[in-house]
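Just remember that the numbering used here sits 17 ahead of the position in the sequence shown, which is counted from 1. Data first, discussion second: the structure below is written as structure tokens.
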Amino acid sequence: MEVTTANLKDRSDSGVAAMLSRFRNLVALSALGKKDGQKDDGTAATKEVAAAHALSMEVESAALVTAAEDLLRLTRELKELWLFGPLRGIGEGEGEGKMDEDSVKVGELVEAMLRKDAASANSNLGS
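Below is the structure:
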């Protein structure tokens, strides 16, 4: 799958929508069996209905956790892209050997500065 801004935005939006939907379902399931003004004394639902609601809540909870994990995975991918940038293909990127040439130039400049400093230090000692 190609990493594009639109793709990442769609993944983010769908992850948030999934979390909201699962949370809404959990809240709705938790309110099932209660009538307005009825106390929660355990007589509102039979054991079978209560077991079915419990199973539904477990399924919704697991789906909520999965949606959260998907969003965390997305944030990790975004951090990796931010820190390391997209991976380059073979033959893409900087010119071959350019970094080596630059390194040699920097080394030569450092050596020249060290020689100049050493020469000035020697002339100061001789004075």
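Cβ atoms here follow ideal geometry from the backbone N, Cα and C, with glycine treated the same way. Just so it is clear, the structure is predicted and the values come from calculations on it, not from any experiment.
Burial is judged here by how many other beta carbons sit within 10 angstroms of a residue's own beta carbon; residue 93 has fewer than 16 and is exposed. With contacts defined as CB atoms closer than 8 Å, residue 124 and residue 87 fail to qualify as a contacting pair.
The Cβ atoms of residue 39 and residue 81 sit closer than 8 Å to each other. In the three-state DSSP reduction, residue 20 falls in the coil class, being neither helix nor strand. In the structure shown, the three-state DSSP call for residue 32 is helix. In this structure residue 35 does not touch residue 79 by the C-beta definition: roughly 12 Å separates them, more than the 8 Å allowed. Remark: C-beta atoms of residue 49 and residue 70 approach each other more closely than 8 Å. When secondary structure is reduced to three states using DSSP, residue 126 falls in the helix class. Collapsing the DSSP output to three states places residue 83 in a helix.
With 16 or more other CB atoms across the displayed protein chains lying within 10 angstroms of its CB, residue 77 is buried.
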